[in-house]
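Enquirer:
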Amino acid sequence: MGTPHSRRGDTRQRIQDVALGLFVEQGYEKTSLREIAEELDVTKAALYYHFKTKEDIFVSIFEDLGRPLDELISWAQGQPHTLETMTELLRRYSTSLHAAAPLFRFVQENQATVRELSIGERFKGRMVALSELLRDPTAPLVDQARCVVALFSVHAGMFALNNIEGDPEEKRKAVLEVAIDLVTQAHGSHAGTHDGPHNGSHDGSHDGSRV
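In this note's numbering, the protein residues as written are 5 to 215.
Set out below in structure tokens:
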């Protein structure tokens, strides 16, 4: 996903960036269009030219930043269901979450609000699609659980480690390695062989050299 801080250049993107910052800082319900306009130093009429409601702004943010996630799902759907594919899916998902951290922090902390907005079902659909791509429906239940937990560990880990000291990028890599460990264990427990560098979780391919 693209990061709000890198998407500069026009008024629409500035509105999205400022609005998301206010949504994260003070909550969606407590943020008004007037406050967004004041933060941008524009009139409400100028804001209305691009967006009529707060929900319009948030939906546009979600769709713009979520588009790469849809592309990731489409990519994975065309790949063989191998450990290599699952590992790469987790790597790309981790990168996407890191790039769109403000949006996902808002989603994580305002789940009830997101469910009420029109994008709630779309967000849920993306998570379901990703979990289905990671797990093998013919595998033992415990291995399916490992794959689903791997996905959500990447999602939750970026927030759960906030109170742990360390470089944010190193923490992201650590969470990703844990997720890869889980899918590697799931793959290994019901597959006769492993292939190549994906046989383990602590070699260079998992600890950040390719992250």
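Idealized CB from N, CA, C, for every residue including glycine.
1) Thinking just about the alpha-carbon of each residue, which of V22, E43, L87 is nearest to the one in I61?
2) What span of residues does the alpha helix (DSSP H) with A2 cover, start to end?
3) Helix, strand or coil for E125? Go by DSSP, reduced to three states.
4) Using 10 angstroms around the beta-carbon of L186, count the other beta-carbons present and answer buried if the total reaches 16, otherwise exposed.
5) In angstroms, rounded to a whole number, what distance separates the CA positions of D68 and D140?
6) Work out the CA separation of F110 and V28 for me, nearest whole Å.
7) Going along the chain, which unbroken runs of the alpha helix (DSSP H) with 4 or more residues stay wholly within the region 112 to 156?
8) Cα separation between D147 and E174?
9) Could you tell me whether the Cβ atoms of V152 and L138 are closer together than 8 Å?
10) In terms of alpha-carbon separation, which member of G31, Y53, L93 lies closest to E136?
11) Can you tell me which of the three DSSP states E173 falls into?
12) Smallest Cα separation from V182: which of G192, N167, F156?
13) Let's see if you can read the secondary structure: which residues bound the alpha helix (DSSP H) around L93?
14) Consult DSSP for Y52 and reduce its assignment to one of helix, strand or coil.
15) For the region 157 to 172 against the region 98 to 105, are there 3 or more C-beta pairs whose distance is under 8 Å?
16) To the nearest angstrom, how far is the alpha carbon of R130 from that of K58?
17) Apart from the five residues on each side of it in sequence, which residues of its chain come closer than 6 Å, Cβ to Cβ, to A80?
18) Using only CA atoms, which one of P84, P106, G70 lies nearest to L26?
Expert: On the basis of the coordinates in this document:
1) Position 57 of the sequence shown holds residue 61. When only C-alpha atoms are compared, the closest one is V22.
2) A query on residue 2 cannot be resolved here, the shown segment of the chain reaching from 5 to 215 and no further.
3) Here the question's residue 125 lines up with position 121 in the sequence shown. Reduced to three states, the DSSP call for E125 is helix.
4) Working through the sequence shown from its first residue, we reach residue 186 at position 182. Per the 10 Å Cβ criterion, buried.
5) As a working note, residue 68 is residue 64 in the sequence shown. As a working note, residue 140 is residue 136 in the sequence shown. D68 and D140: Cα-Cα distance of roughly 30 Å.
6) The residue you call residue 28 lines up with position 24 of the sequence shown. The residue you call residue 110 lines up with position 106 of the sequence shown. The straight-line gap from Cα to Cα measures roughly 5 Å.
7) 115 to 120, 124 to 138
8) Along the sequence shown, one-based indexing puts residue 147 at 143. Along the sequence shown, one-based indexing puts residue 174 at 170. Those two C-alpha atoms are separated by around 27 Å.
9) Counting from 1 along the sequence shown, the entry for residue 152 is found at position 148. Counting from 1 along the sequence shown, the entry for residue 138 is found at position 134. Cβ distance < 8 Å, so V152 and L138 count as in contact.
10) Here residue 136 corresponds to residue number 132 of the sequence shown, with the count starting at 1. Cα-wise, what sits closest to E136 is L93.
11) For the purposes of this step, residue 173 is taken as the residue at position 169 of the sequence shown. Residue state, collapsed to three classes: helix.
12) Along the sequence shown, one-based indexing puts residue 182 at 178. Minimum Cα distance to V182 is reached at F156.
13) For the purposes of this step, residue 93 is identified with residue 89 of the sequence shown, where counting begins at 1. Segment 87 to 103, the alpha helix (DSSP H) holding L93.
14) Within the sequence shown, the letter at position 48 stands for residue 52. The answer is helix: DSSP assigns Y52 an H, G or I state.
15) yes
16) Your numbering for residue 130 matches position 126 in the sequence shown. Your numbering for residue 58 matches position 54 in the sequence shown. Looking at the two C-alpha atoms, the distance is approximately 23 Å.
17) What you label residue 80 is simply residue 76 of the sequence shown in a count that begins at 1. Hits under 6 Å: L93, L137.
18) Taking the sequence shown and counting its residues from 1, one reaches residue 26 at position 22. The shortest Cα separation from L26 among P84, P106, G70 belongs to P106.
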